[in-house]
Structure formats: structure tokens, C-alpha cells
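Peer 1: One line per chain: the protein sequences are U and E, in this order. Counting in the numbering used here, the first sequence runs from 1 upward without gaps. Counting in the numbering used here, the second sequence runs from 1 upward without gaps. One structure is given below, represented as C-alpha cells, and several questions about it will come after.
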Amino acid sequence: MSTPLDKEIVNYLTEDARMSFRKIAKITDKSTDTIINHYNSLMESGDIRGSTVVVDIEEIGYQGIAAFEIDVTSSEEITSDQIMETLIEMPNVIVSTKTVGDHDILALAVIHDLEHYQQISVEIAQIRGIKNLTSDIWSGNKKILPKYFII
Amino acid sequence: MARQKIDKIDITILRNLQRDARTKYSDIAKEAQVSVDTIIKRYRRLQKKGIITNTTLLLDPRRFGDEIIANFNIDVEPQSVTEVLAFLEKQPDIKFSTYAMGAHDLFIIATARNMNEMNNLKEKIQSHNMVREVKISIWVDQFLLCPQNFELEPLLEAQR
């Protein structure tokens with residue numbers, strides 16, 4: 001992100017991703033085409049990864065979020081990337097990343113209840129190439145900070 | 001458990017906006033085979049019901065000056081969880097913090113401009129006299145986000 005205008009565009013759209021380019025153009029005193037060009041550049045460069053709707057997870061039937069920290073078996077047959085791909089295709093898994101440190105992969109999942117948590121734990125543990133799995137359920141803080149992590 | 005009643009049109013709206021919050025109402029209307037006005041009304045109703053709280057961009061923090069992202073698992077002295085969480089919430093580099101139940105007491109996600117700053121944060125947390133152990137995992141490569149993995153279909157069943 002290189003220009004002050006880029007920063008302004010990102011700030012407005014972080015607050016309301018559906019804000020029209022015309023409205024942003026009016027506020028920033030630029031042309032709509034200029035705003036569109038800057039937005040497209042931000043998308044192409046990867047500064048903006050996309051946009052999403054933020055839902056209240058309790059309103060759609062979830063009780064919380066669980067963090068799964070995964071250790072991967074050293075093997076040429078299956079890579080961390082393949083495990084990541086499997087994870088991110090699983091319903092309810094909303095974030096997955098490779099890590100360096102105590103564990104190899106972190107996955108975050110939304111959970112309906114304890115039974116559901118158990119079920120997801122079993123599903124993850126059964127993925128080929130996973131050596132060990134530890135997990136925590138988050139309690140207390142339901143603050144949503146979606147602009148980076150959708151949690 | 002709070003379960004709102006929504007129908008297939010609402011799910012079409014949510015699914016489209018989860019993938020791309022800037023999807024045109026007209027495109028959603030086409031897919032749902034209803035009028036644009038219906039989609040706009042439904043969208044507002046989802047907001048009013050509190051199901052949709054916001055729309056936002058998904059950004060890569062590394063593109064905005066924070067090169068390092070890490071999560072911390074923290075163990076604390078018994079009965080000091082609230083005190084330590086309050087301390088963590090005051091640290092500007094900590095973007096998310098929560099109580100945890102399971103292997104550890106607290107879980108945080110932090111961003112920092114470089115490894116040195118992240119290490120300073122770790123040392124600061126470790127220096128709290130109620131903190132017993134801090135384990136850190138640095139996020140590498142592109143982390144994957146998948147907002148469309150929220151299950152919405154069970155909400156349809158709630159109406160039956």
C-alpha cells in the first residue's frame with residue numbers, strides 16, 4: 001500500500017466493504033475511475049485479499065471457537081500444504097496457517113457445542129500425516145476482528 | 001443456543017457476501033431468482049436481526065508493515081487469568097486475546113514489524129509475575145481464510 005489515497009480507500013472499505021466507489025470518490029475529491037483503479041491495484045498486489053460479510057456467530061448457532069495445534073509427521077508422501085488444503089475444505093474451519101515454533105499448523109474452527117468440538121477434533125486427528133493434535137476452546141472473548149483473521 | 005430463522009434466499013445472500021462482500025445485489029437476485037428489491041430488503045433484515053454485523057475487507061497484515069504474525073499460548077498462576085488478560089489487552093501489538101479451556105489458559109494473536117519486536121513482546125509477557133509459561137508459534141507463508149466454511153444450512157432446519 002503506497003499512497004495516502006490507498007490508505008483512505010482501505011480505511012473506508014474496512015468499515016463498510018459495500019461502500020460505493022462513487023461515494024469514496026466524492027469524499028476524497030477524486031474521480032470514480034481513480035478510486036476503481038487504486039482498488040484494483042490493491043487487489044492485484046495482494047494488499048487486499050478480499051472482502052467478506054461479518055456474521056454474529058452466536059446468531060447463526062455457534063457457541064464458540066476452538067484452536068487446533070497440529071504436529072505433522074515427517075514424510076515425503078504428505079506435505080503440510082496438503083494437510084492445510086484438507087483442513088480449509090472442512091466445514092467450520094475458518095483459518096489455517098503453517099507455523100514455526102511449538103507446532104506445525106494452527107487451525108481455527110467455529111463450534112456449535114462440545115459434541116461438535118469433539119467431532120471436529122476426531123475429523124482433524126484422522127487426516128493423514130497428522131502426528132499429534134492439541135486443542136483449546138476459547139471462552140469469554142467473542143470479539144470479532146475480521147479484517148485480518150475472520151475471528 | 002440462539003438460532004435465527006432464515007430461508008434459502010437469506011443463505012444465498014450470506015454465501016455470496018462471504019465470498020465477496022461487494023457482490024452486486026442484482027447478481028444475488030439473479031441467483032436467488034427474486035427481485036433486487038427483495039434482496040435489499042432481506043439484506044437489511046439480516047442486519048436488523050443482528051446476523052450481519054458488518055462487511056469488511058480482508059487484509060494481509062504483512063502488507064501493512066506488520067511482517068510477523070504469531071500466536072501465543074500462555075499459562076498463568078491459578079486465579080490470575082483475568083488480571084493477565086487485562087494486561088495483555090493493553091498491549092497494542094496484540095490483536096486478539098481470549099481465555100482458553102484445554103491445554104493452556106490464554107490464547108493471543110499478535111502482529112509486529114519484525115522478529116525483534118515480537119521477541120520484545122514475548123519477553124514483556126514473560127516478565128508478568130503471574131505468567132508461568134509462554135509458547136509462541138510464528139505464522140509462516142500465506143494463512144488461509146475461509147469465511148464460507150460457516151455452516152448456515154442447519155438454520156433452515158430450525159424452521160421445520
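All C-beta atoms, glycine included, are put in the ideal place defined by N, C-alpha and C.
(1) Going by CA-CA distance only, name the one from D6/U, T79/U and M90/U that's closest to N37/U.
(2) Please state if the CB of G61/U and the CB of P154/E are separated by a distance shorter than 7 Å.
(3) List, in order along the chain, the chain E residues whose C-beta lies closer than 8 Å to that of P91/U?
(4) Going along the segment 46 to 61 of chain E in order, which residues come within less than 9 Å of chain U, judged by CB to CB distance?
(5) Would you call the CB atoms of A103/E and A70/E closer than 7 Å?
(6) Within 7 Å of any Cβ in chain E, is that where the Cβ of D71/U sits?
(7) Which first and last residues belong to the beta strand (DSSP E) in which I68/E is found?
(8) Report, in whole angstroms, the separation of the C-beta atoms of I71/U and N132/U, which I expect to be a contact under 8 Å.
(9) Looking at the strands, I want to know which residues DSSP matches up with G46/U.
(10) Using the three-state DSSP reduction, which class does E123/E fall into: helix, strand or coil?
(11) Below 7 Å on C-beta distance, what does S74/U contact in chain E?
(12) Would you mind reading off the limits of the beta strand (DSSP E) that contains L132/E?
(13) Does H38/U come within less than 7 Å of chain E when only Cβ atoms are used?
(14) Report the residue from S96/U, S41/U and Q118/U whose alpha carbon sits nearest the alpha carbon of T3/U.
(15) Work out the CA separation of W138/U and V131/E for me, nearest whole Å.
(16) Near A107/U, which residues of its chain fall below 6 Å by C-beta distance, leaving aside the five closest residues on each side in sequence?
(17) Could you tell me if N149/E is buried or exposed, where buried requires 16 or more neighbouring beta carbons within 10 angstroms of its beta carbon?
(18) By the DSSP assignment, the beta strand (DSSP E) with I109/E in it spans what residues?
(19) Which stretch, first to last residue, makes up the alpha helix (DSSP H) that contains A32/E?
(20) Using the beta-carbon of each residue, which ones in chain E are nearer than 7 Å to R18/U?
(21) When you compare the CB of A67/U with every CB in chain E, is at least one pair closer than 7 Å?
(22) Is M1/E close to chain U? Criterion is C-beta to C-beta, closer than 7 Å.
(23) In chain order, what residues of the same chain have a beta carbon less than 6 Å from the beta carbon of N16/E, not counting five sequence neighbours either side?
(24) Below 8 Å, can you find three or more Cβ-Cβ pairs linking the segment 81 to 91 of chain E to the segment 119 to 135 of chain E?
(25) What's the C-alpha gap between Y12/U and T55/E?
(26) Reducing DSSP to helix, strand and coil, say where F87/E ends up.
(27) Along the segment 91 to 122 of chain E, where does the CB come closer than 7 Å to a CB of chain U? Name the residues.
(28) So T99/U packs on I138/E, CB below 8 Å; how close in whole Å?
(29) If we ignore side chains and look at the alpha-carbon of each, how far apart do I40/E and F107/E end up?
(30) Is N16/E near the ligand NAD, going by C-beta to nearest heavy atom under 6 Å?
(31) Report yes if the C-beta distance between L59/E and T52/U is below 7 Å; otherwise report no.
(32) Quick one, which of I52/E, I136/E and Q142/E has its alpha-carbon nearest G46/U's?
(33) Based on DSSP bridge pairs, tell me the residues matched to N132/U.
(34) Quick one: Cα of R113/E to Cα of I68/E, how far?
Peer 2: The structure says:
(1) D6/U
(2) yes
(3) N149 and E151
(4) L46, K49, G50, I51, I52, T53, N54, T55, T56, L57, L58, L59, D60 and P61
(5) no
(6) Chain E contact via Cβ: absent.
(7) Segment I68 to V76, the beta strand (DSSP E) holding I68/E.
(8) It is Asp, not Ile, that sits at residue 71/U in the sequence shown. That pair is a contact at about 4 Å.
(9) Answer by DSSP bridge pairing: none, since G46/U is not bridged.
(10) helix
(11) Per Cβ cutoff of 7 Å: no residues; S74/U is ~17 Å from chain E at best.
(12) Here the sequence assigns Arg to residue 132/E, which means Leu is not the residue at that position. Where R132/E is concerned, the enclosing beta strand (DSSP E) stretches over V131 to L145.
(13) no
(14) S41/U
(15) Taking the straight line joining both Cα atoms gives about 18 Å.
(16) F68, L87, V93 and S96
(17) buried
(18) L106 to A112
(19) Y25 to A32
(20) The answer, in chain order, is A21, R22 and T55.
(21) yes
(22) Note that M1/E has pLDDT 49, beneath the 50 cutoff, so the model's placement of it is unreliable and the number below is only indicative. Yes, its Cβ sits closer than 7 Å to a Cβ of chain U.
(23) T23 and I28
(24) yes
(25) 11 Å
(26) helix
(27) K95, F96, S97, T98, Y99, A100, M101, G102, A103, H104, F107 and I109
(28) 6 Å
(29) 39 Å
(30) The ligand NAD is not among the ligands present in this structure, which contains no ligands whatsoever.
(31) no
(32) Nearest of I52/E, I136/E and Q142/E to G46/U, Cα basis: Q142/E.
(33) DSSP, once it has assigned bridges, lists D71/U as partnering N132/U.
(34) 6 Å
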